[in-house]
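J.: Dropping the structure in here first, questions after.
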Amino acid sequence: MNRLSSYIFFLLITGLIVFTACKKDRVATSTVYMPNALGVVKVTFEMADTPYTIPVSAVITGAEYATVTNAVAGSDIVVHFRADPEKVAFFNEQNGTDYRVLPEGSYEMPATATIVKGASITAATGLAIHAKGKINPFQDYMIPVSIESIEGANASAYQQTTYYVVNATADLNSMIPYDQAKWTIAGFSTEEPAEGGGNGLAARAIDNDPSTFWNSKWSGGEPGPPHYFIVDMGEEKAVHGIGIMDRYFEGSWQTDGHGQPQDITVSVSTDNATWTEVAVLKDVPHDPGQPWYKYFVSTLKQARYVKFTVTKVYGTSSTNIAEVQVF
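The following block contains the structure:
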């Protein structure tokens, strides 16, 4: 073999070695990580009857820079995920936060996903959030998702857990009122037993009967607003909003108004002593047919007691309410 032939042969062998090494590096030395695990991932969605799915993925190192590394799987890589609620307490301690853990039963995380041969990212999978009836709307919850193990590749030294913070919004019509079976009246300004038939009492505003009602005092004197009553729900609950139903009237007492609340202030308490104002409702309608008037509070609070204070009325000095609800 002459010198030129030897040189060409040397170049071919060297190129083959380099090509083989590069190809081997592309498919065999890659590690796997979660691309979203750089910080907290905040997800806001509207509460619905069907679950909301948050995409979850794992990729081969450098997959987002495909034009540089072009890393792909040489064979199928199986990634095992797990929801990691126990990491929330540690996260809060390290970061000075107070995220609540997403409740058990309100989420589903598929156990595995696969990076198929020739691909750089797992096939579509996701964290399914079952929000309606399981979590409080407008409340932040955290649920970490981690790579538990990997078959066919190694785990990266970084980005193995993604911290998802979920917050479900809601519309008024989707809100489910709290059960009132254990509710009682914890206080009131006045009531009017002279209405007769058990009507006029504050307790009639929480009896689930639109035909009964609370009325403030009018017999022997008719004081003006404010008028109030206090509902004891029997236990602390998150107060997202309230509903009001007018006493039934016909004719001019309905159209012109006859004590229906016009302005209402809603306050909440955990002890029936210290109160926090959470809603100020202005110009509440008094439409025919006893519709529910529903309102979100301006500040989400945990409370046992809810105080309804009527500060302005239509047509008279006394006031009346057929039913209230809390959700």
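To convert, note that position 227 of the sequence shown is 1160 in our numbering; the numbers rise steadily by one, no gaps.
Here a beta-carbon is modelled for each residue, glycine too, at the ideal position from N, C-alpha and C.
Treat the numbers as computed from the prediction; the structure is a model and nothing was measured.
May I have the straight-line CA-CA distance separating residue 1182 from residue 1230, to the nearest angstrom?
T.: Distance between the alpha carbons of residue 1182 and residue 1230: 28 Å.
J.: Which residues in the same chain have their Cβ closer than 6 Å to the Cβ of residue 1034, if we skip the five residues on either side of it in sequence?
T.: These residues qualify, in order along the chain: 1018, 1021.
J.: Under the rule that 16 or more other beta-carbon atoms within 10 Å means buried, what is residue 1187, buried or exposed?
T.: Result: buried.
J.: Hey, residue 1127 and residue 1162 are a contact pair by Cβ (cut 8 Å); roughly how many whole angstroms apart?
T.: At roughly 17 Å, the Cβ-Cβ gap does not stay under 8 Å, so residue 1127 and residue 1162 are not in contact.
J.: Considering residue 1065, what are the terminal residues of the beta strand (DSSP E) in which it resides?
T.: First-last for residue 1065: undefined, no H or E at that position.
J.: So residue 1175 packs on residue 1239, CB below 8 Å; how close in whole Å?
T.: About 7 Å separates the two Cβ atoms, so the contact holds.
J.: Measure the alpha-carbon distance for residue 1158 versus residue 1120 and round it to whole angstroms.
T.: Roughly 16 Å separates the two Cα atoms.
J.: How do the region 1061-1072 and the region 1008-1016 stand: do at least 3 beta-carbon pairs fall below 8 Å, yes or no?
T.: No: the two stretches stay apart, fewer than three of their Cβ pairs being nearer than 8 Å.
J.: Can you give me the Cβ contacts of residue 1064 inside the same chain, cut-off strictly under 6 Å, excluding the 5 residues immediately before and after it?
T.: Excluding residues within five positions, the ones whose Cβ falls inside 6 Å are 980, 1101.
J.: Going by DSSP, which residues form a beta bridge with residue 1075?
T.: In the DSSP output, where bridge partners are listed per residue, residue 1075 has 1034, 1098.
J.: Hey, quick one: how far does the alpha helix (DSSP H) through residue 1188 stretch, first residue to last?
T.: Start and end: 1185-1188.
J.: Given this structure, state the Cα-to-Cα distance separating residue 1049 from residue 992, to the nearest angstrom.
T.: Their Cα atoms are separated by approximately 11 Å.
J.: Tell me whether residue 1054 sits in a helix, a strand or coil according to DSSP, three-state version.
T.: If DSSP states are grouped into helix, strand and coil, residue 1054 belongs with the strands.
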